[in-house]
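Taken in order, these protein sequences are the chains called A and B. Residues 1 to 207 (full-length UniProt numbering) are what the first sequence spells out, left to right. Residues 1 to 260 (full-length UniProt numbering) are what the second sequence spells out, left to right. C-beta atoms are modelled at their ideal positions from N, C-alpha and C, and glycine is treated no differently.
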Amino acid sequence: MGRFRSGAGLLGAYVPRDSVVHRAPAGLKLAALAVVSVAVLLVRSWSGVGALAVLVLAVAVASRVGPRALLVQLRPLVWLVPAVLALQWWAHGPARAAVLSARLVLLVALAALVVLTTRTTEVLTAIEHGARPLRVVGVRPERVALVLALAIRSVPVLAALADDVHDAQRARGHERDLRAFAVPLVVGTLRRADALGDALRARGVDD
Amino acid sequence: MSLLRRTNVVPDAGTGAGAGHDGAPGAAVPLTVRLDDVHVRLGERDVLRGIDLELAEHRVGVVGANGSGKSTLARLLNGLVVPTRGQVAVGGLDTRTQGAAVRRLVGFVFTDPDAQIVMPTVAEDVAYSLRPRRGEPGLPEAERAAVVHAALVERGLAGHADHPAHLLSGGQKQLLAITSVLVTRPRLLVADEPTTLLDLRNARAIGRLLGSVEQQVVVVTHDLDVLDGYDRVLVVDDGRVVADDEPAPALAFYRRLMGA
Numbered sequence: 001m002g003r004f005r006s007g008a009g010l011l012g013a014y015v016p017r018d019s020v021v022h023r024a025p026a027g028l029k030l031a032a033l034a035v036v037s038v039a040v041l042l043v044r045s046w047s048g049v050g051a052l053a054v055l056v057l058a059v060a061v062a063s064r065v066g067p068r069a070l071l072v073q074l075r076p077l078v079w080l081v082p083a084v085l086a087l088q089w090w091a092h093g094p095a096r097a098a099v100l101s102a103r104l105v106l107l108v109a110l111a112a113l114v115v116l117t118t119r120t121t122e123v124l125t126a127i128e129h130g131a132r133p134l135r136v137v138g139v140r141p142e143r144v145a146l147v148l149a150l151a152i153r154s155v156p157v158l159a160a161l162a163d164d165v166h167d168a169q170r171a172r173g174h175e176r177d178l179r180a181f182a183v184p185l186v187v188g189t190l191r192r193a194d195a196l197g198d199a200l201r202a203r204g205v206d207d
Numbered sequence: 001m002s003l004l005r006r007t008n009v010v011p012d013a014g015t016g017a018g019a020g021h022d023g024a025p026g027a028a029v030p031l032t033v034r035l036d037d038v039h040v041r042l043g044e045r046d047v048l049r050g051i052d053l054e055l056a057e058h059r060v061g062v063v064g065a066n067g068s069g070k071s072t073l074a075r076l077l078n079g080l081v082v083p084t085r086g087q088v089a090v091g092g093l094d095t096r097t098q099g100a101a102v103r104r105l106v107g108f109v110f111t112d113p114d115a116q117i118v119m120p121t122v123a124e125d126v127a128y129s130l131r132p133r134r135g136e137p138g139l140p141e142a143e144r145a146a147v148v149h150a151a152l153v154e155r156g157l158a159g160h161a162d163h164p165a166h167l168l169s170g171g172q173k174q175l176l177a178i179t180s181v182l183v184t185r186p187r188l189l190v191a192d193e194p195t196t197l198l199d200l201r202n203a204r205a206i207g208r209l210l211g212s213v214e215q216q217v218v219v220v221t222h223d224l225d226v227l228d229g230y231d232r233v234l235v236v237d238d239g240r241v242v243a244d245d246e247p248a249p250a251l252a253f254y255r256r257l258m259g260a
C-alpha cells in the first residue's frame with residue numbers, strides 16, 4: 001500500500017499560522033511568486049542567486065511554517081537536483097551547473113511557501129477574480145476555479161484507486177501486466193467521475 | 001408476496017420556499033414528497049415501474065436487493081434522476097422543472113464520501129456548500145467562517161479543519177460529507193447507503209447521527225440496524241415498492257423476501 005499515495009503529500013499542505021505571509025492576500029502572493037520566479041530565471045550570477053536566497057529565507061522565517069514543513073515540500077528535488085546538476089556539469093561545467101541547481105531549489109521553495117501559507121480556497125478565489133476579464137470571451141471564472149479545485153482534490157483519490165488496482169493486480173499475480181492495471185484504473189476513474197458529477201449536481205453546482 | 005400499504009401520513013408542511021442557511025422555515029418541519037405513477041427507464045431497463053408514494057414522515061428507510069431500484073428511487077427525490085413517466089414533487093416543487101429549488105430543500109449523502117468531497121481540506125469543503133448561489137447573496141466571509149467552524153465543532157471535526165480531506169478515516173470522511181450537506185440546512189436529507197463502506201463503529205455513529213438530526217431523513221440502506229426507531233420502511237423489489245409499513249413488519253417481510 002502507499003505506492004502511489006505517497007505522492008499525495010504535496011496536496012493540502014497548508015500550515016495554519018498567524019503570520020504576515022499568511023495574512024497577505026492570495027492574489028498578491030501569486031503575483032509576487034510570478035515576479036520573483038521570473039527574477040530567479042533571469043539571474044546568472046552567484047550574487048544574484050545569493051540575494052534571492054536571502055529573500056526566500058526571509059519569507060520562510062516570516063511565515064513561521066518551520067523548516068520541516070518546507071523541507072517536506074523540497075523532498076522531490078532529492079532526485080531531480082542531482083540529475084540536473086550532473087547533466088549541466090557535463091554540458092556547461094560546475095559553476096553554471098551549481099547556479100542552475102540553486103535556482104531550481106529557490107523556485108520550488110518559493111512555490112512551496114505560497115502553498116504552505118495559503119488555503120486552497122483563497123488561491124481559487126484569487127484565480128476566480130483574475131479570470132473575470134475572460135467572461136467577455138465566454139469563460140466562467142467560477143468554473144475555472146472549480147475545475148482547479150477538483151483537479152487538486154482528485155489526485156489523492158485517483159492515487160488511492162491506483163493503489164487498490166495495483167494491490168488487486170498483485171493478489172492475482174498480474175503485477176507486470178500493463179493492461180490488467182490500466183483497464184480497471186480507467187474504468188474506476190470514469191465511474192468516480194460519474195459519481196462526482198452526481199455529487200456536484202446534488203450540491204447545486206449548476207443551480 | 002403480500003403488498004403492505006400505509007396511508008397515515010402527516011399533513012403537508014408547505015413548499016419550503018426560502019430554505020437555506022438563514023431564513024429557513026425550520027429544518028425540522030417535514031416536507032411532503034409525492035411520487036405519482038413514476039417510471040424510470042435507464043437504457044433498455046425499467047428500473048422503477050409505477051411508483052405511487054406520499055412521504056411525510058420524519059424518518060423513512062428504504063431497503064431492497066442490489067439492483068432493485070432503491071438508489072434510483074432516492075435520486076428521484078432531489079432531481080438527480082427525473083422520471084421517464086409520472087411526476088415527483090417535493091414540498092410542492094416538481095423535480096423535473098424546479099430541480100434547482102428542490103436541491104435547495106433536499107440534501108443528498110452518497111455511499112462513497114470521496115465522490116462527494118469537492119475541496120482539498122475539511123473546512124474548505126464545508127465552506128463550499130455556503131458559496132453564493134445564483135440569484136442569492138452569499139454570506140459575508142467572516143460569517144461564513146463562523147458557520148463552518150460551528151458546524152465542524154458540532155460534528156467533532158474542528159481539530160481537522162485545515163487537514164487534507166483525503167487523510168481522514170472513512171468514518172470521518174462520511175461525517176464530513178454529511179456536515180457539508182447539513183450546513184446548508186436542507187429540509188430533507190436523503191442518504192444512499194451511507195454506512196456501506198464503514199466499519200461497525202463508524203456505521204453505528206453515522207446511523208445515530210442520521211437518526212438524531214432535526215431534518216426529515218430518507219435512508220437507503222442494507223444495514224437494517226440503522227432503521228431502529230424509524231417511522232416507516234419501504235421495501236423495493238424489481239422496480240416496485242412491495243412493502244410499506246412500520247419497521248418491524250416491513251423488515252420481517254424483507255427478510256422473508258430475501259430468504260434470510
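Which listed residue (the options) has its alpha carbon closest to that of residue i
i      : options                           : result
B:T97  : B:P140, B:L76 and B:T121          : B:L76
A:P194 : B:L105, B:D114 and B:V102         : It should be noted that the sequence gives Asp, not Pro, for residue 194 of chain A. When each option's Cα is compared against that of A:D194, the closest is B:D114.
B:E176 : B:R204, B:E124 and B:A146         : Residue identity differs from the one stated: residue 176 of chain B is Leu in this sequence, not Glu. Ranking the options by Cα distance to B:L176, first place goes to B:E124.
B:G229 : B:S169, B:R59 and B:V29           : B:R59
B:L48  : B:M258, B:R240, B:L130 and B:T179 : B:R240
B:A205 : B:Q174, B:V218 and B:L182         : B:Q174
B:V233 : B:E246, B:G107, B:P132 and B:L224 : B:E246
A:L70  : A:P94, A:S37, A:L30 and A:A112    : A:A112
A:V186 : A:R64, A:D198, A:G66 and A:A162   : A:A162
A:G204 : B:F108, B:V29 and B:G43           : B:F108
A:P94  : A:R75, A:W46 and A:R201           : A:W46
A:A32  : A:L110, A:L190 and A:V72          : A:L110
B:P30  : B:Q216, B:L42, B:Q172 and B:L80   : B:Q216
A:L150 : A:L190, A:L196 and A:V36          : A:L196
Contact set for residue i: own chain, Cβ-Cβ below 8 Å, skip 5 residues either direction
i      : result
B:S71  : D192, E193 and V220
B:G111 : According to the sequence provided, residue 111 of chain B is Thr. The question's Gly does not apply to it. Correct list, in chain order: D192, E193, P194, T196 and L197.
A:L104 : L77, L80, V81 and V84
A:L106 : V40, V49, L52, A53 and V56
B:S129 : S180, V181, V183 and T184
A:A145 : L124, T125, I127, E128 and A131
Assigned secondary structure, residue i (DSSP; H/G/I helix, E/B strand, else coil)
i                      : result
residue 261 of chain B : Residue 261 of chain B is absent from the model: chain B starts at 1 and stops at 260.
B:G170                 : helix
B:L198                 : coil
B:Q87                  : strand
A:V61                  : helix
B:Q216                 : strand
B:P137                 : coil
A:A24                  : coil
B:T121                 : strand
B:P247                 : helix
B:A260                 : coil
A:H166                 : helix
B:A203                 : helix
B:G64                  : strand
B:F108                 : strand
residue 220 of chain A : Because chain A in this structure spans residues 1 to 207, residue 220 of chain A falls outside the shown range and cannot be described.
A:P133                 : helix
B:L157                 : coil
Proximal residues to residue i (C-beta, below 6 Å), its chain only, five neighbours per side dropped
i                      : result
residue 261 of chain B : Because residue 261 of chain B is not part of the residues shown, which for chain B are 1 to 260, the question remains open.
B:H160                 : V122
B:A243                 : L4, V235, A250 and F253
A:H22                  : T117
B:E57                  : D231 and R232
A:V15                  : V65, A69 and L116
A:P184                 : V165
B:G171                 : L198 and N202
Same chain, Cβ closer than 7 Å to residue i, neighbours up to 5 away in sequence not counted
i      : result
B:G64  : K70, V235, V236 and D237
A:G27  : A126, H129 and G130
A:F181 : V165, H166 and Q169
A:V157 : R192
B:D52  : L35, D36 and D37
B:V106 : L77, N78, V90, P186, L188 and V190
B:A74  : V62, V190, D192, V218 and V220
A:V20  : A62
(message) What are the residues in the region 105-136 of chain A lying within 7 Å of chain B by C-beta distance?
(response) R119, T120 and T121
(request) Check whether the region 35-53 of chain B touches the region 79-87 of chain B, taking contact to mean three or more Cβ pairs, one atom from each stretch, closer than 8 Å. (result) yes
(message) For the pair the region 208-227 of chain B and the region 146-154 of chain B, tell me if three or more CB-CB distances fall below 8 Å.
(response) no
(message) To be precise: take each residue of the region 138-156 of chain A, compare its Cβ to all Cβ atoms of chain B, and keep it if any distance is under 7 Å. Which residues remain?
(response) A149, L150, I152, R153 and P156
(request) Using a Cβ-Cβ cut-off of less than 7 Å, list which residues of the region 127-156 of chain B approach chain A; keep chain order. (result) A127, S129, R133 and R134
(message) Could you check whether the region 49-60 of chain A touches the region 128-145 of chain A, counting it as contact only if at least three pairs of C-beta atoms, one from each stretch, sit closer than 8 Å?
(response) no
(request) Determine which residues of the region 170-201 of chain A have a Cβ less than 8 Å from any Cβ of chain B, and write them out in chain order. (result) R192, A195, L196, D198, A199, L200 and R201
(message) Quick test of the definition: if touching needs 3 or more C-beta pairs under 8 Å, does the region 88-107 of chain B touch the region 118-129 of chain A?
(response) no
(request) Anything in the region 70-93 of chain B with a Cβ closer than 7 Å to a Cβ of chain A? List those residues in chain order, please. (result) N78 and L80
(message) Closer than 7 Å between beta carbons: that is the criterion. Which residues of the region 56-77 of chain A meet it against chain B?
(response) none
(request) Could you run through the region 89-103 of chain A and flag, in chain order, every residue whose CB is less than 9 Å away from some CB of chain B? (result) none
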